[in-house]
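First up is the structure itself, then whatever we jot down about it.
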Amino acid sequence: MAVKDESAHRLRRRILVTGTVQGVGFRPHVFRLARRYGLAGWVCNTSQGVLIEAEGAPHSLTSFEEALVREAPPLARVADVRSATIHIAGDTEFRVRQSVTHDEVCPVLPADVSLCDQCAAELRSPANRRYGYPFTNCTNCGPRFTIVEAVPYDRRNTTMSRFVMCESCQKEYDDPNDRRFHAQPNACPVCGPHLTLDGSTLGGDANVIERAALILREGKVLAVKGLGGYHLACDARNTAAVSTLRIRKGRVGKPFAVMCADMSEVRRICHLDALSEELLRSPEKPIVLLPARPGNGISPQVAPGMRTLGVMLPYTPLHELLMSEAPRVLVMTSGNLSEEPLEYRDDVVVDRLGLIADHILSHDRPIAHPCDDSVVNVADDTPMVVRRARGYVPRPIEMHFEMPCVLACGGDLKSTFCFTRGKLALLSQHLGDLENALSLDHYTSMVRRFQEFFDFRPEVIAHDLHPDYASTRFAQSTGLPGEGIQHHHAHVASCLAEHRLDGPVIGVAFDGMGYGLDGNSWGSEFLTADLQSFRRAAHLIYVPQPGGDAAVRRPGRMAFSYLLHSFGDREEATAAMRSSEMDESEKEAVFMQIERRLNAPLTCGMGRLFDAVSALVGVCDKVTYEAQAAIELEQICEHTEEAYPWSLVTDVSPFQIDVRPMIRRIVEDVGTGVEPPTISGRFHSTIADIVVGVCVQIRDDTGLSQVALSGGVFQNRILLEKCGKRLRENGFEVLRHSSVPCNDGGLSLGQAAIAARRYMHRCV
Ligand code: ZN
Ligand code: ZN
Ligand code: FE
445 MAVKDESAHR LRRRILVTGT VQGVGFRPHV FRLARRYGLA GWVCNTSQGV LIEAEGAPHS
505 LTSFEEALVR EAPPLARVAD VRSATIHIAG DTEFRVRQSV THDEVCPVLP ADVSLCDQCA
565 AELRSPANRR YGYPFTNCTN CGPRFTIVEA VPYDRRNTTM SRFVMCESCQ KEYDDPNDRR
625 FHAQPNACPV CGPHLTLDGS TLGGDANVIE RAALILREGK VLAVKGLGGY HLACDARNTA
685 AVSTLRIRKG RVGKPFAVMC ADMSEVRRIC HLDALSEELL RSPEKPIVLL PARPGNGISP
745 QVAPGMRTLG VMLPYTPLHE LLMSEAPRVL VMTSGNLSEE PLEYRDDVVV DRLGLIADHI
805 LSHDRPIAHP CDDSVVNVAD DTPMVVRRAR GYVPRPIEMH FEMPCVLACG GDLKSTFCFT
865 RGKLALLSQH LGDLENALSL DHYTSMVRRF QEFFDFRPEV IAHDLHPDYA STRFAQSTGL
925 PGEGIQHHHA HVASCLAEHR LDGPVIGVAF DGMGYGLDGN SWGSEFLTAD LQSFRRAAHL
985 IYVPQPGGDA AVRRPGRMAF SYLLHSFGDR EEATAAMRSS EMDESEKEAV FMQIERRLNA
1045 PLTCGMGRLF DAVSALVGVC DKVTYEAQAA IELEQICEHT EEAYPWSLVT DVSPFQIDVR
1105 PMIRRIVEDV GTGVEPPTIS GRFHSTIADI VVGVCVQIRD DTGLSQVALS GGVFQNRILL
1165 EKCGKRLREN GFEVLRHSSV PCNDGGLSLG QAAIAARRYM HRCV
């Protein structure tokens, strides 16, 4: 209730609210509260957050400040509220002021939000003026990050600035009691963006949707402009259509994600648990990995060799409208040529996607910068973000200590970068692999963009130790003081950062490869580590990786390497490898490379061991996308507690993990006709055994009992769950990733945390 204080005693307070408070309906919330408590003054967005000056009776001000946080809008995340009493200004009313730009602290841009229920209902009601309008949005939903061209987040700084609001929209925008009060992308059919099909408006959005849906029903490939870029879409139940898309896109085997019309369709094609359902429905609307139902009618070409499907629900009004007329399940994959960055630019889309898509469904609301769909898996009833992009970025990650401004460059695969300031770490969206000039350009331009937006002035630049990484060379080209950080130390640190801890912990970092201090490929690392330094405690015995990168593409090469390592001579190794797609001359070359150590760098990567076993049991001998052999080995895994023998050599430092006994037993199993799913199960149990056994040994030596699991191999849900369970049974506390990818997508956060700690240490 508004309380009129007749006594002349009035106070004025300046209040700064920081966190995710822009583009989430925070100013209307402030306005309503000010009215409720009879306060005068103003509210505005600044590059720091939401700034308020309010004056009135002292007890009203107190209630107001309490309600600010307590009743904050659902999408807001208040990080901090700072307030101070200032001089009375004598305002007579409360106003929403134009935003101001200044200040040096981290401003926070909102992430894109999927269509809300109220807007979805309006979309479907014929009487509503936004009936069937594909760009419907409000304060609770709509594009944010992907349309922002400058800060602060205001319409004039978005790609919506070219659309002048009609009278009705302006009225909503100005009315504090309206759901669209200061909804920056507010639009309607009269004043907002519209659809086109192959450049033509076809007389209206409804016609475009109808025609686009027909194209999809006819089994053709359609490029669809979404929030963060173009998708390539086709009917997921039409094998001819999916195969055509694969061939044209140059993507041989990597699974495609699908979009289902609604939750009932998700249930029809997949098994769904409560948490996955919640994730699918969340405002972020990520792709969720779900176990597929056999016989669901989805073309095997969608996800060859997989028992899971990546599924998402419509997240824009355009998707919602399209899915109501198109086939119920669509392949929705990034609009790009294989390995190139996601396409989002309207002026080049015909050139770039014209040969892949039969038709292009587009619109005239430009995308300011691209953002892929996010991907989430569930393990141990906890979400595990494996690709962090749309919906999550640029939401900052709050850390447990004040940091200098660091730019961390990540790695070359699944690249991201990370800026820090204060207690906040700003992790970029997934930017793909930096293996060609296009993706590197994209990466560097996004670094510049973030730097401008947030006015970051890095004092240190952190990078991987790999001298040939494009990200390392980029870091060196900036001329800033560099901090080289070992790959697996960064993995462990990213897990620590996510848990707001400094360590020390036992860090287990398993991946395909990361540059080691000895110049070899590391990747089965047991470290004792904190945010400043690490000691290498154990790893797999090194084996040669015949042909270097060629062995990554041909897991059979790693199988021969492990066989030769385990049996000692060619004859036995050859006899052990029953099925191989390798011809005699390649086999000969592989043996030569191994025996003479020619183009056969040493590796202890856990990913390479997975590759070897996958090829040994005949699951996968040729990979067409990263980690395919390991993923397919996990897909067939059958539950068992049985494990193979292995041993730990402890009279050397670091300890050496010897898996030769396991390899010999796998060969025996293959020879006696044990089914690959059983072998895969025993193999997974063995790796969990190794994790527990080595951790116990390290605990005995160091007293550490907290274990951080990181590295891309822990995307393997079975392995992660097995290791977690067994470690807890053995008295360990287990830290694992949830909101930051365990793969190289999380590397930049770990690098940033280490660089920040080292920098502060030097300054003391
Ligand atoms: Zn809405
Ligand atoms: Zn309008
Ligand atoms: Fe890695």
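Residue numbers (my numbering): 445 to 1208. Note that CB positions come from ideal geometry on N, CA and C, so glycine has one too.
Three-way DSSP call (helix, strand, coil) for residue i in this model
i            : result
residue 970  : strand
residue 1008 : helix
residue 1061 : coil
residue 660  : helix
residue 1002 : helix
residue 1031 : helix
residue 492  : coil
residue 501  : coil
residue 1177 : strand
residue 532  : coil
residue 720  : helix
residue 611  : helix
residue 975  : coil
residue 729  : coil
residue 831  : strand
residue 1150 : strand
Beta-carbon separation (whole angstroms), residue i vs residue j, contact threshold 8 angstroms
i           : j            : result
residue 729 : residue 835  : 6 angstroms
residue 696 : residue 1068 : 4 angstroms
residue 505 : residue 483  : 7 angstroms
residue 932 : residue 969  : 4 angstroms
residue 842 : residue 867  : 6 angstroms
residue 851 : residue 877  : Between residue 877 and residue 851 the Cβ distance is about 20 angstroms, and since that is not below 8 angstroms, they are no contact.
residue 653 : residue 766  : 6 angstroms
residue 976 : residue 1201 : 5 angstroms
residue 855 : residue 861  : That pair is no contact at about 10 angstroms.
residue 681 : residue 557  : Not a contact, Cβ separation roughly 30 angstroms.
Given residue i as reference, the closest of the options once Cα atoms are compared
i            : options                   : result
residue 734  : 713, 748, 602 and 503     : 713
residue 1178 : 1108, 1185, 1164 and 869  : 1164
residue 1250 : 501, 820 and 457          : With the chain covering 445 to 1208 only, the question about residue 1250 has no answer from this structure.
residue 957  : 1045, 1018 and 1030       : 1045
residue 1124 : 1059, 1146 and 1095       : 1059
residue 1080 : 1094, 1119 and 1089       : 1119
residue 672  : 507, 875 and 1126         : 875
residue 531  : 523, 518, 497 and 507     : 497
residue 1062 : 1015, 1001, 1099 and 1096 : 1001
residue 962  : 930, 882, 725 and 859     : 930
residue 744  : 1071, 686, 577 and 985    : 686
residue 824  : 1140, 720, 622 and 978    : 720
residue 1198 : 1137, 1169 and 937        : 937
residue 1191 : 666, 1105, 700 and 872    : 872
residue 494  : 475, 649 and 481          : 475
residue 1203 : 582, 971, 1038 and 848    : 848
Environment of residue i [buried if 16+ CB atoms lie within 10 Å]
i            : result
residue 1159 : buried
residue 664  : buried
residue 548  : Any answer about residue 548 is weak, because its pLDDT of 38 lies below 50 and its placement is not dependable; what the coordinates show is given next. Exposed is the call here.
residue 813  : buried
residue 615  : exposed
residue 908  : buried
residue 446  : For residue 446, the pLDDT reaches just 45, beneath the cut-off of 50, and the residue's location in the model is therefore unreliable, leaving the point undetermined.
residue 1006 : buried
residue 826  : exposed
residue 775  : buried
residue 509  : buried
residue 503  : exposed
residue 471  : buried
residue 889  : exposed
residue 1195 : buried
is_contact[residue i, chain C] using C-beta, thresh 7 angstroms
i           : result
residue 700 : Absence of chain C from the displayed structure is noted, only one protein chain being present.
* Asked: With a cut-off of 8 angstroms, do at least 3 Cβ pairs link the stretch 1117-1130 to the stretch 1040-1052?
  -> no
* Do the stretch 1071-1084 and the stretch 735-751 touch if we need at least three Cβ pairs shorter than 8 angstroms? -> yes
* Asked: Are the stretch 567-576 and the stretch 598-609 touching, with three or more C-beta to C-beta distances below 8 angstroms?
  -> no
* To do: Determine contact between the stretch 619-629 and the stretch 572-587, defined as no fewer than three beta-carbon pairs at a distance below 8 angstroms.
  => yes
* Asked: Quick check: the stretch 975-991 against the stretch 1034-1045, are there 3 or more CB pairs under 8 angstroms?
  -> yes
* Is the stretch 783-800 close to the stretch 1133-1151, with three or more CB pairs under 8 angstroms? -> no
* Asked: Hey, is the stretch 1015-1029 in contact with the stretch 1082-1091, meaning 3+ C-beta pairs nearer than 8 angstroms?
  -> no
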